[in-house]
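A.B. asks: In the numbering used here, the protein residues as written are 6 to 220.
Shown below is the structure under consideration.
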Amino acid sequence: MENATANTEFIRTLISAGIALMGVLIGIIVTTIVNWKIKTKESRLRILEKLYDKRLIAHESFLRIPKLLRTTVSTKNIDENNYFITYIGILNDKKMYENFLGEFYESMNFNSHWFNNDLKKEVWFAQEYLQNVDSLLSQISDENCIKLATMLKSDFTSLANRLEEKTLEFLQTDIQKINIKNKEKDSEFSVSEKQKRFSETDLVKLKNEINELKK
């Protein structure tokens with residue numbers, strides 16, 4: 006009888022020890038899984054933060070482009086309303102415009118992959134417009150550059166405003182989001198949209214006056 010009781014107590018001791026050991030093992034496993042998930046999440050956040058910083062720098066860097074597009078220079082003449090007549094500074098001469106185009110293409114190539122699709126659309130449209138102006142400049146003399154710059158001031162200001170608006174949208178709204186995924190959709194305006202936009206520019210509206218500069 007005593008042996009049976011002793012065996013029972015021994016078995017109970019083994020069971021209790023086994024349960025305790027199992028509890029310890031489960032605790033270790035759970036702790037390991039939790040720590041792994043925390044570290045994985047922290048690593049992912051660090052990577053996202055680094056990518057986000059690059060995207061932020063790209064937008065801040067690109068803001069120089071709209072500033073250059075809208076910068077004007079006075080002709081020192083006044084119009085019928087007694088306002089000084091101004092023109093777009095980067096169109097002062099062909100060399101200055103060429104230098105600007107180089108900076109525009111460099112900024113676009115280095116930064117545009119971080120942009121959302123709305124900004125990309127404006128960038129691609131601006132590129133097409135600026136290429137048309139570049140082609141036009143090759144057909145006129147340096148003496149007529151300022152006349153052209155005066156005619157196209159409204160266009161360049163509009164381009165600058167649109168580019169700046171879409172760039173600042175990221176800094177003012179997307180800056181609150183850590184998720185930097187770009188939605189899958191068209192990153193360029195459709196042909197009909199581009200045609201409509203071009204038809205509203207002075208580059209098209211003043212075509213006859215601009216052609217006079219080629220003579």
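Idealized CB from N, CA, C, for every residue including glycine.
Please determine, among I95, K59, K81, L56, the residue with the shortest C-alpha to C-alpha distance to L74.
C.D. replies: In the sequence shown, residue 74 corresponds to position 69, counting from 1. Of I95, K59, K81, L56, the residue nearest in Cα terms is I95.
A.B. asks: For the alpha helix (DSSP H) containing Y110, name the first residue and the last one.
C.D. replies: If you number the sequence shown from 1, residue 110 lands on position 105. Per DSSP, Y110 belongs to the alpha helix (DSSP H) from 99 to 116.
A.B. asks: On the three-state DSSP scale, how would you describe N82?
C.D. replies: Along the sequence shown, read from residue 1 onward, the residue named residue 82 stands at position 77. Looking at N82 - three-state DSSP - the assignment turns out to be strand.
A.B. asks: Taking 8 Å as the cut-off, does the region 141 to 160 touch the region 206 to 220 (at least 3 CB pairs, one atom from each stretch)?
C.D. replies: yes
A.B. asks: Can you tell which of K99, I83, H64 has the C-alpha that lies nearest to the C-alpha of V138?
C.D. replies: Mapped onto the sequence shown, residue 138 falls at position 133. Looking at K99, I83, H64, the one whose alpha-carbon comes closest to that of V138 is K99.
A.B. asks: DSSP state of Y57, grouped into three classes?
C.D. replies: On the sequence shown, residue 57 is found 52 positions in, with the first residue counted as 1. Y57: helix per DSSP, three-state reduction.
A.B. asks: One question on the structure: do L218 and I151 come within less than 7 Å of each other, judged by their Cβ atoms?
C.D. replies: By one-based count along the sequence shown, residue 218 stands at place 213. By one-based count along the sequence shown, residue 151 stands at place 146. Cβ atoms of L218 and I151: not closer than 7 Å.
A.B. asks: Could you pull the start and end residues of the beta strand (DSSP E) that F161 belongs to?
C.D. replies: Your numbering for residue 161 matches position 156 in the sequence shown. For F161, there is no enclosing beta strand (DSSP E); the residue is part of the alpha helix (DSSP H) that begins and ends at 158 to 177.
A.B. asks: DSSP three-state label for T155, please.
C.D. replies: Residue mapping note: residue 155 aligns to position 150 of the sequence shown, counting from 1. T155: helix per DSSP, three-state reduction.
A.B. asks: My output table needs one value for F194: the three-state DSSP class, helix, strand or coil.
C.D. replies: On the sequence shown, residue 194 is found 189 positions in, with the first residue counted as 1. Of the three classes helix, strand and coil, the one that applies to F194 here is coil, per DSSP.
A.B. asks: Let me confirm a value: T172 is counted as buried when at least 16 other C-beta atoms fall within 10 Å, else exposed. Which label applies?
C.D. replies: Residue numbering aside, residue 172 sits at position 167 when the sequence shown is read from its first letter. Label assigned to T172: buried.
A.B. asks: Are the CB atoms of F161 and I93 nearer to each other than 7 Å?
C.D. replies: By 1-based counting over the sequence shown, the position of residue 161 is 156. By 1-based counting over the sequence shown, the position of residue 93 is 88. I93 is positioned such that its CB atom lies closer than 7 Å to that of F161.
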